[in-house]
Structure formats: C-alpha cells, structure tokens
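A.B. asks:
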Amino acid sequence: MNRSERVDPNSGLTIENYSISMIIDSGRHTYRGTEEIRFRPASDKLVLDSVDLSIADAYLDGKAVKPTDARESQTVVFSCTPGKDSVLKINFSGAIPRLLTGFYLARYGNADVFTTQFESNGARRAFPCVDHPFYKATFDLSLDIDKDLDAISNMPVKSVVENGGRKTVVFGRTPRMSTYLLYIGAGKFDFRSVMHGSTEIILAAPHGGLTRSDFPVEIAGRVLELYGEYFGIPYMLPKLHLISVPEFGAGAMENWGAITFREIYLSIDDSTGSSNYKSIAEVIAHELAHQWFGDLVTMEWWNDLWLNESFATFMSYKIIDVIKPEWDATGDLINLRTEGALKNDALKNSHPIDATVRDPEEIAQIFDEISYGKGASILRMIEGYAGKDNFRNGIRKYLKDHEYGNAKGSDLWESIEKASGMPVSRIMEAWIRRKGYPVILASRDGDAVKLRQEQFLLDGSSTNETWPVPLTIVRENGTESVLMEDREMKIPAAGFIKLNSDFTGFYRTVYDSGLFASVSESRNSLSGHDLWGLANDLYAALQSGRIPYGDYMGGIMSIWDATDPLVLQEINSQMNSLYLLKPHSKSVREAAMKFASMHLERLGEKHPGEEINISIARGRPLIDPVSG
Ligand SMILES: [Zn+2]
Numbered sequence: 042m043n044r045s046e047r048v049d050p051n052s053g054l055t056i057e058n059y060s061i062s063m064i065i066d067s068g069r070h071t072y073r074g075t076e077e078i079r080f081r082p083a084s085d086k087l088v089l090d091s092v093d094l095s096i097a098d099a100y101l102d103g104k105a106v107k108p109t110d111a112r113e114s115q116t117v118v119f120s121c122t123p124g125k126d127s128v129l130k131i132n133f134s135g136a137i138p139r140l141l142t143g144f145y146l147a148r149y150g151n152a153d154v155f156t157t158q159f160e161s162n163g164a165r166r167a168f169p170c171v172d173h174p175f176y177k178a179t180f181d182l183s184l185d186i187d188k189d190l191d192a193i194s195n196m197p198v199k200s201v202v203e204n205g206g207r208k209t210v211v212f213g214r215t216p217r218m219s220t221y222l223l224y225i226g227a228g229k230f231d232f233r234s235v236m237h238g239s240t241e242i243i244l245a246a247p248h249g250g251l252t253r254s255d256f257p258v259e260i261a262g263r264v265l266e267l268y269g270e271y272f273g274i275p276y277m278l279p280k281l282h283l284i285s286v287p288e289f290g291a292g293a294m295e296n297w298g299a300i301t302f303r304e305i306y307l308s309i310d311d312s313t314g315s316s317n318y319k320s321i322a323e324v325i326a327h328e329l330a331h332q333w334f335g336d337l338v339t340m341e342w343w344n345d346l347w348l349n350e351s352f353a354t355f356m357s358y359k360i361i362d363v364i365k366p367e368w369d370a371t372g373d374l375i376n377l378r379t380e381g382a383l384k385n386d387a388l389k390n391s392h393p394i395d396a397t398v399r400d401p402e403e404i405a406q407i408f409d410e411i412s413y414g415k416g417a418s419i420l421r422m423i424e425g426y427a428g429k430d431n432f433r434n435g436i437r438k439y440l441k442d443h444e445y446g447n448a449k450g451s452d453l454w455e456s457i458e459k460a461s462g463m464p465v466s467r468i469m470e471a472w473i474r475r476k477g478y479p480v481i482l483a484s485r486d487g488d489a490v491k492l493r494q495e496q497f498l499l500d501g502s503s504t505n506e507t508w509p510v511p512l513t514i515v516r517e518n519g520t521e522s523v524l525m526e527d528r529e530m531k532i533p534a535a536g537f538i539k540l541n542s543d544f545t546g547f548y549r550t551v552y553d554s555g556l557f558a559s560v561s562e563s564r565n566s567l568s569g570h571d572l573w574g575l576a577n578d579l580y581a582a583l584q585s586g587r588i589p590y591g592d593y594m595g596g597i598m599s600i601w602d603a604t605d606p607l608v609l610q611e612i613n614s615q616m617n618s619l620y621l622l623k624p625h626s627k628s629v630r631e632a633a634m635k636f637a638s639m640h641l642e643r644l645g646e647k648h649p650g651e652e653i654n655i656s657i658a659r660g661r662p663l664i665d666p667v668s669g
C-alpha cells in the first residue's frame, strides 16, 4: 500500500526540528519535558502522536493554545495556519515504566538504566511527535540528570553544565531522521572506545557489565569501513555507540549512531563458542547496514519494513564473507534463512511478502520468516542475476538519490534496473506480490535442455502460477543470466550445464537422471553452495514425491564425498531426518551409518586452530554408526 492510500492527517506537513529537554527524576522514574517543534503545516491542523503523556500547557508561536484529544487519547491535535512556518512549544511529563518500549526502565542488578526502544511506535510514548517514518526532522536533545549518571544519544555530547547534584547534558544536532531512530539513554555506564579512522566506536554497558573482548569494536570498525566503500558513502556520524541493554525486547536496534543490543550480543568471554562469534558479527553487521539502509534512507511507510530488514540481513552476510571468508557466512544465509523460507513458502498457507500495513502495531503479525528470509534470498537472487557490480551501483545510486530522505521498494528496483539494464522492477514486483516459488524441471532434449517451471509445493501438488525466473546457467566456459518468462523454454546445451549458480536463486531444480549424473560428475568443480543446493533440492524433491527414494539416495551418494562443511552438515541432517522418519528401513539405516562413519573420519580428531565450521559440524548430532 502506498503512503497516499492511507489516511494521513498530516499530509503535506514538513517538520524541520524537534528541540527536546528532559528533566529525569531517577528516584521516581518520571520526567518532565519541554519540546519545541518547528514545522510548516499544509492544513489547519497538526496531529501529534502522544501516548501516556500528560501535556501541561502548549504555546503556538508564543500564544497559549489548547489541544484537542482525538483517537482515544492516542493523538493531540493543534489548530494552526496552513503554509505558515510555526513553532509549537509543549510542556509535558511522563513516567519511565518497565515496558520494553518507549522511554523505559531496565534493571541491571540493583541499578536503573533508562533507555529507549522507539521502533516502530515507541517515540510517541516519550514525547509528542509525528511518529511516522516519513516525517524526518533534526533533533536537539538535552537531558537534566543526576550528576553521577552518564547519558547517551545519537550524537556526541556538545556540553555538560553541572549544577549542585545535577547536570545538564546537551547533545549535538542530529541529521534529518525518523522519530523511530532517536535514542535516549541514561544510567551508570562503563565505556571503552577506539578510534577507527575518523569515527569513534564506543562500547557501552551498565556499570560492571562491559565485556573484556575488543571483538565487537574490531568487527564494527572493519564493517563500517567496508560498508563505506561498498555504498560509496562513508559513515555519516562522528561516533558510534554499541550499547549493551539489560532487559531488551529486540535482538538489537539500529538507532542512528547509538545501536542497542541484547547483552548476549556484546558479551564475550572464554566460554563464547565458535558459532556465537559468527552470530555476534552478523548481528553487528546487520545493525550497521541499517545506518545507511534504514537510517540515512528510510522506508516511507512500514509496508517496506520487510525490505529494510531483508536488505540489512543480506548485507551482513555479504560483508562478513569479506572479513572472515573462512566462516562462509553466505553459507549460513543459505542454510538458515533461504532454506527456512523455502520450506515455509512451499506450504499452501504461505503468504506474499508484500502486505498492507495500516497500523505499525500490526507489524509483528504481518512480517515473519517468509517475509525476511525470502526477502533476503530474492535480493541475493537479483544480485546473482544482475551481477555484483551492477547491483552495487544500483544500491549506491539509490542511497545517494534519497539520502536524509525516504524511499520505496520500487525506487530501489528502478535504480538496480537502470544500473544493470535488466528488467529488475518487473521481476521483483512479481516475486514480492506472489506467494510461493517455482521448481524448474530440466530434461535433456538432443543438443538442448528443456526447462519447465511449476509452483513447488511440499505436498507434491502444483498450480498454474508462473514467475519471471532470473536463471543463472553454469556452463563449462562460464555463467550466464537468462530470464525465464514462460512456462517452458529450451536452452542450447550440448555439453555440461547446471542451473542456479551458487544457489543464488530462490527456486528448486529437478534434473532428469542423465543431467543429474553429468552435474554430479563435475562436482569437484562446483562450489560448496552449488553442492549444498544439489543436496537440498534432492531432499525437497523426495519429500514432495517428485522423485522416488532410489533416485534420491543415488543422487546423494554421488555427491556425499564432498569436503565442504556446509554440504556435509546438510547431508548429515538429511540422514538424521530420514533415520528418524524410517528407523526400521534397512536401506536408510545402512546409508545413514555409512555416511556417519565417513563423516566422522573426515572430521578427524579435534585439534587447536581448526576451521570454525569444522568445529560447528563436530557439534551436530550424528547417527551413531556403532549402535545404529
Ligand atoms: Zn534490522
């Protein structure tokens, strides 16, 4: 749904600045606030969102005014003059409840931490505002707090004035940004900071909770630098806080320049396992991607939240791949996100990514693993099809064109379309508006290969639906991109051919036995992601009844001498599932046991300094080859 299709009472409004001062009573867990909103209305009303706040008095251009309440006291409405630059001053007060949203109280041991979580509609619980991502403004914030507390916000501290047992902390003005990205924090914090280029990266945690490890700041520094290069725009703010927040509802939150994390994502000690390092790095890289995609350029409305999240996820794996190639982060993306989405989107009760959002309150019900996992996967599919350079150039142009403003998904598709000369908009619109995805049936037809697409459903049924499928075709001499628009097509292929290069595409492939044999014969020249895809597609084909058990097992056995940990993990989990499903089948048991003993042998003895993914594979359950 477009923003214009919603009833927006503030349509045409521009807000220049919010100037907010808060006096925090840390004993009572309350605060008094004063704000000045500089704005120009298009109509005779300014409708502010305001929840659980009491407004003492208000002044429009210096004259006392009375607001009217509307919508069950969720908004306050002020009369104003259309087209006139105006200043509205409001004195208000609020509580700091233990809520996990808005400006709230978190406890760390016996200490109080005052912190915020504004996405998606928490800002209206902290101060009256137009709490809508489209209405960007600059923010000036000052906090009056006990002298022994520290304060954190998006921008660096500009000045501190002490007065008896209190102090007033004034922060620098933010760039234009959405209300949901503002951060306000106060409490007793420990800090450790490093300079990375011209950016100060600061780890912050409630007093006593700071991790000894520099891993989070090191990852953050490297990621910031690489994103700056990739996006063609260096990180925009002078500093970046990574804040560990006790009692935090989300995993992490991308407040511009002041990212909050659940404690587990910033605490590292001797007991931190290999896979935790990966997830910590991925979460940090995800939030940092938002500093550009989300914070600098923001969705116009919450219907594009899936894109905001999918893009950050896609980028995080991509960038960790550069920093730690031995981790195979893209393998995690495929194995965790893509596979999950392929599974759920193969059910009849799946849903399209595209959704109508009337109220940000509904977001959690609307977007799920299909929206985010499929979203990240189809971004990867478009990158694979359009080419990495074209894709990046499209992203760069999109960010530059819309910086400090808002954009829609369609703006991004158009930008990549222009950069690549490929019909990206048409493809993306089809993939986000339709539920499900296709299976490509490939069969040899003389000197050609015949391709046919059908919807892939786990129950083995199908529909008449077709997709514009951005195919990648691997041949002996390279990879080409072809758009499959119809139900059937023929491609010339006298020699070796494999579809879905590196499993970049969000579709399944089922080969006839001759084609599969030629693909598996070339397995040593295929990537781990290719082999993972072959194995995963085989299992899906078996589950949906598209191939018989014998073909499945023959196919798996022809590639199970792979050495890539991702592939071995996939086959291992298939063997486990089959064995649980059919514990009395002699053939299943023998195959599972044979694979398990081969797998154990390949893993060998645990040794110091071994590859992280080998350690992770070692930790996975295995059919016990002895007891069977
Ligand atoms: Zn995110």
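My numbering applies: residue 42 is where the sequence shown begins, and numbers increase by one. From the three backbone atoms N, C-alpha and C, an ideal C-beta is built for every residue, glycine too. Please read these numbers as outputs of a predicted model, since none were measured by experiment.
For Ala353, verify whether its CB is less than 7 Å away from any heavy atom of ligand 1.
C.D. replies: Looking up residue 353 in the sequence shown gives position 312. Yes, since a heavy atom of ligand 1 falls inside the 7 Å radius drawn around the Cβ of Ala353.
A.B. asks: What residue range is occupied by the uninterrupted beta strand (DSSP E) comprising Gln494?
C.D. replies: Taking the sequence shown and counting its residues from 1, the one referred to as residue 494 is at position 453. Here the beta strand (DSSP E) through Gln494 covers Ala489 to Gln496.
A.B. asks: So, with DSSP's three-state summary, where would you put Asn385?
C.D. replies: Reading the sequence shown from its first residue, position 344 is the one you call residue 385. Asn385 falls in the helix class under three-state DSSP.
A.B. asks: Just how far apart, CA to CA, sit Tyr306 and Pro216?
C.D. replies: Translated into positions along the sequence shown, residue 306 becomes position 265. Translated into positions along the sequence shown, residue 216 becomes position 175. One C-alpha to the other measures close to 27 Å.
A.B. asks: Where Phe289 and Thr179 are concerned, what is the direct C-alpha to C-alpha distance, given to the nearest angstrom?
C.D. replies: Here the question's residue 289 lines up with position 248 in the sequence shown. Here the question's residue 179 lines up with position 138 in the sequence shown. Approximately 26 Å, taken between the alpha carbons.
A.B. asks: Taking Pro509 and Arg467 to be in contact with their CB atoms under 8 Å, please state how far apart those CB atoms are, rounded to whole angstroms.
C.D. replies: By one-based count along the sequence shown, residue 509 stands at place 468. By one-based count along the sequence shown, residue 467 stands at place 426. Yes, they are in contact, since the Cβ atoms of Pro509 and Arg467 sit about 6 Å apart, within 8 Å.
A.B. asks: Within 10 angstroms of its Cβ, does Pro257 collect 16 or more other Cβ (buried), or is it exposed?
C.D. replies: On the sequence shown, residue 257 is found 216 positions in, with the first residue counted as 1. It is buried - the Cβ of Pro257 has at least 16 other Cβ atoms within 10 Å.
A.B. asks: Is Glu410 near ligand 1, with its Cβ less than 7 Å from a heavy atom?
C.D. replies: Looking up residue 410 in the sequence shown gives position 369. No - ligand 1 has no heavy atom lying nearer than 7 Å to the Cβ of Glu410.
A.B. asks: Indicate the three-state DSSP secondary structure (helix, strand or coil) for Arg44 in the structure shown.
C.D. replies: As a first step, residue 44 must be located in the sequence shown, where it is residue number 3. Low local confidence applies: a pLDDT of 44 at Arg44 is under 50, so the model's placement there is unreliable, and no value is given.
A.B. asks: Would you kindly work out how many angstroms separate the C-alpha atoms of Pro174 and Ala370, rounded to a whole number?
C.D. replies: Residue mapping note: residue 174 aligns to position 133 of the sequence shown, counting from 1. Residue mapping note: residue 370 aligns to position 329 of the sequence shown, counting from 1. Using only the alpha carbons, I get a separation of about 31 Å.
A.B. asks: With a threshold of 7 Å (Cβ to nearest heavy atom), would Glu350 be considered close to ligand 1?
C.D. replies: Position 309 of the sequence shown, counted from the start, is the residue given in the question as residue 350. Yes - ligand 1 has a heavy atom lying nearer than 7 Å to the Cβ of Glu350.
A.B. asks: Let me check understanding here. Comparing Cα to Cα, which of Ala387, Leu223 and Tyr72 lies closest to Arg475?
C.D. replies: The count along the sequence shown starts at 1 and reaches residue 475 at position 434. When each option's Cα is compared against that of Arg475, the closest is Ala387.
A.B. asks: Could you check whether the stretch 523-534 touches the stretch 603-615, counting it as contact only if at least three pairs of C-beta atoms, one from each stretch, sit closer than 8 Å?
C.D. replies: With the cut-off at 8 Å, the stretch 523-534 and the stretch 603-615 do not touch.
A.B. asks: Here's the rule: buried if 16 or more other CB atoms are within 10 angstroms of the residue's CB, otherwise exposed. What is Asp500?
C.D. replies: Along the sequence shown, one-based indexing puts residue 500 at 459. It is exposed - the Cβ of Asp500 has fewer than 16 other Cβ atoms within 10 Å.
A.B. asks: Please state if the CB of Phe155 and the CB of Ile65 are separated by a distance shorter than 8 Å.
C.D. replies: Translated into the one-based positions of the sequence shown, residue 65 becomes position 24. Translated into the one-based positions of the sequence shown, residue 155 becomes position 114. Yes; because the gap between Cβ atoms is below 8 Å, this pair is in contact.
A.B. asks: Measuring alpha carbon to alpha carbon, tell me which residue in Ile514, Leu575 and Gln496 is nearest Ala534.
C.D. replies: Counting from 1 along the sequence shown, the entry for residue 534 is found at position 493. When each option's Cα is compared against that of Ala534, the closest is Ile514.
A.B. asks: Contact check, Ser279 vs Glu241 under 8 Å by CB: the rounded distance?
C.D. replies: In the sequence shown, residue 279 corresponds to position 238, counting from 1. In the sequence shown, residue 241 corresponds to position 200, counting from 1. Note that residue 279 corresponds to Pro in the displayed sequence, not to Ser. Correct: roughly 7 Å between the Cβ atoms.
A.B. asks: How about His248: is its Cβ closer than 7 Å to a heavy atom in ligand 1?
C.D. replies: What you label residue 248 is simply residue 207 of the sequence shown in a count that begins at 1. His248 Cβ: outside cutoff for every heavy atom of ligand 1.
A.B. asks: Taking Cβ to Cβ, would you say Val202 is nearer than 8 Å to Ile56?
C.D. replies: For this step, residue 202 is matched to residue 161 along the sequence shown. For this step, residue 56 is matched to residue 15 along the sequence shown. No, the pair does not count as a contact, with Cβ atoms beyond the cut-off.
A.B. asks: Among the residues of its own chain, which have a CB less than 6 Å from the CB of Phe232, if the five just before and after it don't count?
C.D. replies: The residue given as residue 232 occupies position 191 in the sequence shown. Once the five neighbours on either side are set aside, the close Cβ partners of Phe232 are Ile243 and Ala245.
A.B. asks: Run through the DSSP bridge pairs and tell me what Lys623 is partnered with.
C.D. replies: Residue mapping note: residue 623 aligns to position 582 of the sequence shown, counting from 1. Partner(s): none; Lys623 has no beta bridge.
A.B. asks: Rounded to a whole number of angstroms, what is the C-alpha to C-alpha distance between His282 and Ala322?
C.D. replies: As a first step, residue 282 must be located in the sequence shown, where it is residue number 241. As a first step, residue 322 must be located in the sequence shown, where it is residue number 281. Looking at the two C-alpha atoms, the distance is approximately 16 Å.
A.B. asks: If you drop the 5 nearest sequence neighbours on each side, which residues of the same chain put their C-beta closer than 6 Å to that of Met42?
C.D. replies: Here residue 42 refers to the residue found at position 1 when the sequence shown is read from its first residue. Annotation note: pLDDT 42 at Met42 (below 50); position unreliable, coordinate value reported separately. Closer than 6 Å at the Cβ level, and outside the excluded window around Met42, lie Asn344 and Thr397.
A.B. asks: In the structure shown, what three-state DSSP assignment does Ala471 receive?
C.D. replies: Here residue 471 corresponds to residue number 430 of the sequence shown, with the count starting at 1. Three-state DSSP puts Ala471 in a helix.
A.B. asks: Could you check the C-alpha separation between Arg587 and Tyr552 for me, to the nearest Å?
C.D. replies: By 1-based counting over the sequence shown, the position of residue 587 is 546. By 1-based counting over the sequence shown, the position of residue 552 is 511. Roughly 11 Å separates the two Cα atoms.
A.B. asks: Check for me: the beta strand (DSSP E) holding Asp336 runs from which residue to which?
C.D. replies: As a first step, residue 336 must be located in the sequence shown, where it is residue number 295. Unbroken run through Asp336: none, as it is neither H nor E.
A.B. asks: Report the CB separation of Val92 from Arg165 in whole angstroms; it is logged as a contact under 8 Å.
C.D. replies: Residue mapping note: residue 92 aligns to position 51 of the sequence shown, counting from 1. Residue mapping note: residue 165 aligns to position 124 of the sequence shown, counting from 1. Yes, they are in contact, since the Cβ atoms of Val92 and Arg165 sit about 5 Å apart, within 8 Å.
A.B. asks: Measuring straight from C-alpha to C-alpha, what distance separates Met236 and Gly262?
C.D. replies: On the sequence shown, position 195 is the one that residue 236 refers to. On the sequence shown, position 221 is the one that residue 262 refers to. For Met236 and Gly262, the distance between alpha carbons rounds to 9 Å.
A.B. asks: Name the residue from Phe497, Thr379, Leu222 and Ile657 whose alpha carbon lies nearest to the alpha carbon of Phe159.
C.D. replies: Translated into the one-based positions of the sequence shown, residue 159 becomes position 118. Of the candidates Phe497, Thr379, Leu222 and Ile657, the one whose C-alpha sits nearest the C-alpha of Phe159 is Leu222.
A.B. asks: If you draw a straight line from the C-alpha of Arg437 to the C-alpha of Ala460, how long is it?
C.D. replies: Locating residue 437 in the sequence shown gives position 396, where the first residue counts as 1. Locating residue 460 in the sequence shown gives position 419, where the first residue counts as 1. Arg437 and Ala460: Cα-Cα distance of roughly 10 Å.
A.B. asks: I'd like to know if the stretch 129-139 and the stretch 98-105 are in contact, where contact means that at least 3 CB-CB pairs between them fall below 8 Å.
C.D. replies: These segments touch.
A.B. asks: Going by alpha carbons, who is nearest to Phe272 out of Arg69, Leu329, Arg433 and Asp400?
C.D. replies: On the sequence shown, residue 272 is found 231 positions in, with the first residue counted as 1. That would be Arg433, whose Cα lies nearest to the Cα of Phe272.
A.B. asks: Please confirm whether Thr354 and Tyr268 have their CB atoms less than 8 Å apart.
C.D. replies: Along the sequence shown, read from residue 1 onward, the residue named residue 354 stands at position 313. Along the sequence shown, read from residue 1 onward, the residue named residue 268 stands at position 227. In this structure, Tyr268 does not lie closer than 8 Å to Thr354 by Cβ.
A.B. asks: Leu383 to Glu444, Cα distance in whole Å?
C.D. replies: Within the sequence shown, numbered from 1, the residue matching residue 383 stands at position 342. Within the sequence shown, numbered from 1, the residue matching residue 444 stands at position 403. Each residue's alpha carbon lies about 34 Å from the other.
A.B. asks: Within a Cβ cutoff of 6 Å, which residues of the same chain sit near Arg81, ignoring the five residues on either side of it in sequence?
C.D. replies: The count along the sequence shown starts at 1 and reaches residue 81 at position 40. Thr55 and Asp126, listed in sequence order.
A.B. asks: Roughly how many angstroms separate the alpha carbons of Phe352 and Phe334, rounded to a whole number?
C.D. replies: The count along the sequence shown starts at 1 and reaches residue 352 at position 311. The count along the sequence shown starts at 1 and reaches residue 334 at position 293. About 8 Å.
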